[in-house]
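Enquirer: Adding 7 to a residue's 1-based position in the sequence shown gives its number in my numbering.
Glycine included, every Cβ here is placed at the ideal spot set by N, Cα and C.
Since we're looking at a predicted model, the values are computed, not measured.
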Amino acid sequence: MIVLEFKLKGKAEQYRVIDEMIRTAQFVRNKTLRHWIDNQGIKLVDLYKQCAVMAKEFEWAGKLNSTARQASAERAIFAIQRFLANCQAKKPGKKGFPQFKKHTRSVEYKQSGWAISADKRCLTLKDGFAAGKFKLIGSRDLHFSAPNGIKRIRIVRRADGYYAQFCINVERKEELVPTGKAIGIDVGLNHFYTDSDGETVANPRYLRKSEKALKRLHSRVSRKKKGSKSRKKALNKLGRKHLKVSRQRKDFAIKTALCAVKSNDFVAYENLQVRNMVKNHKLAKSISDAAWSQFAVWLEYFGKVYGKTVSAVAPEYTSQECSNCGNMVRKTLSTRTHICDCGTVLDRDHNAARNILVKGLKQEKINLNTVGHTEIHARGQTDLYSLVVASTSKSTG
8 MIVLEFKLKG KAEQYRVIDE MIRTAQFVRN KTLRHWIDNQ GIKLVDLYKQ
58 CAVMAKEFEW AGKLNSTARQ ASAERAIFAI QRFLANCQAK KPGKKGFPQF
108 KKHTRSVEYK QSGWAISADK RCLTLKDGFA AGKFKLIGSR DLHFSAPNGI
158 KRIRIVRRAD GYYAQFCINV ERKEELVPTG KAIGIDVGLN HFYTDSDGET
208 VANPRYLRKS EKALKRLHSR VSRKKKGSKS RKKALNKLGR KHLKVSRQRK
258 DFAIKTALCA VKSNDFVAYE NLQVRNMVKN HKLAKSISDA AWSQFAVWLE
308 YFGKVYGKTV SAVAPEYTSQ ECSNCGNMVR KTLSTRTHIC DCGTVLDRDH
358 NAARNILVKG LKQEKINLNT VGHTEIHARG QTDLYSLVVA STSKSTG
């Protein structure tokens, strides 16, 4: 499956109709959740039947296409299933009880309620709301998709306009170009990441760089009267700025992950629990700004697309363990240099990246002959053979 996104160009009154559709989808989702709460023990499959009941009970809810109502109910059902799974698995802490939504920004259709023009440049929403015809603005091409290849369409409202996302049943595969290289990646805040060859990628810190402008826009919003048009305009400008920062962060994560996967046959990275790490209020903003989770998701995605091996390893002791002899060298977060009694002196993150690579190779049981273990690449790249020999000596010594 791939998702292609286009901006919708229409009239102001059409956008207002989309807002009504989104509010209706939110109502269906919340009403489904309420029915489950009030009827404990009901089968989740029976919640789909409430879509037809709501359409008869509320005339304006019946305007929404039946598949769109089902898709909205599915959002509540998935949240309930996740909660029940966490309870059954006895997950520690909060189990994630489903919550009612207040600020939904999208409505989703399946394979009815919409139509695409013959030239694939216009989208028409044909349900009871009759939002009409929208022009699709974007650089992607829909012509390659089969007539029934588009499985779902999602209409999304953002600060800078309305967008249509097409979920297309196409398997993306790129040509595999072997490089004979392997790296381990240690993410951080000083540098976005340091690899096992000692190379670093700078941390762009998009949110930090935009904080001054964001604070100014926040103060403008606070000075406006609640409910006024000027406040809505100020809120829109603030939303656009946040959206720009979010897009910059996502674009950086995608491009960096793509470069790492295309340049190597094997990539090992830390499987960090970012959700737990952001509980540290002193580092939460910097960790969120680094977008480690997005980077990991795109590493996995491009690994599948390009046929490369991407391994997520446990981060325990990767910074404390010496990558040369295996001894434990305790250090605090403020200690940035790894100094071992065996004579190894490395940057803390470089040492961790070497350990991550060895862990990843062991975890995936990679045959070194397929990675080029006798090759010492340019710019000081690590000899994989010496790394694994050192790792083996740790476990046997």
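Sorted by chain position, which residues of the same chain lie with C-beta nearer than 6 Å to F107's C-beta, five sequence neighbours on each side aside?
Expert: What you label residue 107 is simply residue 100 of the sequence shown in a count that begins at 1. Cβ neighbours of F107 beyond the five flanking positions: N37.
Enquirer: Just how far apart, CA to CA, sit G103 and S295?
Expert: For the purposes of this step, residue 103 is identified with residue 96 of the sequence shown, where counting begins at 1. For the purposes of this step, residue 295 is identified with residue 288 of the sequence shown, where counting begins at 1. Rounded to whole angstroms, G103 to S295 spans 21 Å at the Cα level.
Enquirer: Applying the 10 Å Cβ sphere with the 16-neighbour rule, what's the burial state of G350?
Expert: Numbered from 1 along the sequence shown, position 343 holds the residue referred to as residue 350. G350 is exposed by the Cβ-count criterion.
Enquirer: I'd like the span of the alpha helix (DSSP H) that includes F302, first residue to last.
Expert: Walking along the sequence shown from the start, residue 302 turns up at place 295. It spans W299 to V312 - the alpha helix (DSSP H) in which F302 sits, taken as one unbroken run.
Enquirer: For K222, tell me which candidate among H249, E20, D204 and N197 has the shortest Cα-Cα distance.
Expert: Working through the sequence shown from its first residue, we reach residue 222 at position 215. Among H249, E20, D204 and N197, the Cα nearest to that of K222 is on H249.
Enquirer: Since S318 sits in a beta bridge, which residues does DSSP pair it with?
Expert: Position 311 of the sequence shown, counted from the first residue, corresponds to residue 318. Note: S318 sits in a beta bridge opposite A275.
Enquirer: Would you say Y170 and V177 are within 7 Å of each other, going by their C-beta atoms?
Expert: In the sequence shown, residue 170 corresponds to position 163, counting from 1. In the sequence shown, residue 177 corresponds to position 170, counting from 1. Contact: no.
Enquirer: For K14, list the residues DSSP reports as bridge partners.
Expert: The sequence position of residue 14 within the sequence shown is 7, counting from 1. DSSP output for K14 lists I144 and Y170 as bridge partner(s).
Enquirer: Counting only runs that start and end within the region 8–61, where is the beta strand (DSSP E) found for 3 or more residues in a row?
Expert: As far as the region 8–61 is concerned, its whole beta strand (DSSP E) runs of at least 3 residues are 9–16.
Enquirer: Determine, using beta carbons only, whether P105 and A75 come nearer to each other than 7 Å.
Expert: Along the sequence shown, read from residue 1 onward, the residue named residue 105 stands at position 98. Along the sequence shown, read from residue 1 onward, the residue named residue 75 stands at position 68. Cβ atoms of P105 and A75: not closer than 7 Å.
Enquirer: Please name the residue in L224, N278, A291 and R215 whose C-alpha comes closest to that of R256.
Expert: Mapped onto the sequence shown, residue 256 falls at position 249. Nearest of L224, N278, A291 and R215 to R256, Cα basis: R215.
Enquirer: Assign D26 to one of two classes, buried (16 or more other C-beta atoms within 10 Å of its C-beta) or exposed (fewer than that).
Expert: The sequence position of residue 26 within the sequence shown is 19, counting from 1. Exposed, since its Cβ has fewer than 16 Cβ neighbours within 10 Å.
Enquirer: What residue ranges within the region 53–115 form continuous alpha helix (DSSP H) runs of no fewer than 4 residues, ordered along the chain?
Expert: Counting only runs of 4 or more, we get 56–64, 66–69 and 73–95.
Enquirer: In angstroms, rounded to a whole number, what distance separates the CA positions of A62 and E12?
Expert: As a first step, residue 62 is located in the sequence shown; it is residue number 55 there, counting from the start. As a first step, residue 12 is located in the sequence shown; it is residue number 5 there, counting from the start. So the alpha carbons of these two residues sit roughly 30 Å apart.
Enquirer: Could you give the residue range of the alpha helix (DSSP H) that holds G246?
Expert: By one-based count along the sequence shown, residue 246 stands at place 239. Taken as a continuous stretch (DSSP letters only), the alpha helix (DSSP H) holding G246 covers K236 to K269.
Enquirer: State buried or exposed for S341, treating a residue as buried only when at least 16 other CB atoms are found within 10 Å of its CB.
Expert: Sequence index remark: in the sequence shown, residue 341 carries index 334 (1-based). When all chains shown are included, S341 counts as exposed.
Enquirer: Short check: CB of H420 to CB of R355, under 7 Å?
Expert: An answer regarding residue 420 cannot be provided, because it is not within the stretch 8 to 404 covered by the chain.
Enquirer: For the beta strand (DSSP E) containing H357, list its first residue and its last residue.
Expert: Along the sequence shown, read from residue 1 onward, the residue named residue 357 stands at position 350. Unbroken run through H357 is the alpha helix (DSSP H), R355 to E371; no beta strand (DSSP E).
Enquirer: Using alpha carbons as the reference points, say which of P322, L196 and E182 lies closest to K289.
Expert: Taking the sequence shown and counting its residues from 1, one reaches residue 289 at position 282. Taking only the C-alpha atoms, the option nearest K289 is L196.
Enquirer: With three or more beta-carbon pairs closer than 8 Å as the criterion, would you say the region 291–308 touches the region 202–214?
Expert: The region 291–308 is in contact with the region 202–214.
Enquirer: Could you give the first and the last residue of the continuous beta strand (DSSP E) run that contains H198?
Expert: Residue 198 sits at position 191 when you count from the first residue of the sequence shown. Counting along the chain, the beta strand (DSSP E) containing H198 begins and ends at H198 to D202.
Enquirer: Taking the alpha-carbon of E277 as reference, which of E307, F259, V252 and K286 has the nearest alpha-carbon?
Expert: Your numbering for residue 277 matches position 270 in the sequence shown. When only C-alpha atoms are compared, the closest one is E307.
Enquirer: Would you be able to state if there are at least three C-beta pairs under 8 Å between the region 320–331 and the region 236–250?
Expert: Taking 8 Å as the limit for Cβ pairs, the verdict is that the region 320–331 does not touch the region 236–250.
Enquirer: Drop a sphere of 10 angstroms on the beta-carbon of S113, count the other beta-carbons inside from all chains shown, and report buried for 16 or more, exposed for fewer.
Expert: In the sequence shown, residue 113 corresponds to position 106, counting from 1. With 16 or more other Cβ atoms within 10 Å, it is buried.
Enquirer: In whole angstroms, what is the alpha-carbon distance linking T131 and A137?
Expert: Numbered from 1 along the sequence shown, position 124 holds the residue referred to as residue 131. Numbered from 1 along the sequence shown, position 130 holds the residue referred to as residue 137. Roughly 9 Å separates the two Cα atoms.
Enquirer: So what does T131 bridge to, in DSSP terms?
Expert: Locating residue 131 in the sequence shown gives position 124, counting from the first residue. A122 and K140.
Enquirer: With C-beta atoms as the reference, is Q370 less than 7 Å away from S330?
Expert: Walking along the sequence shown from the start, residue 370 turns up at place 363. Walking along the sequence shown from the start, residue 330 turns up at place 323. No. Outside cutoff.
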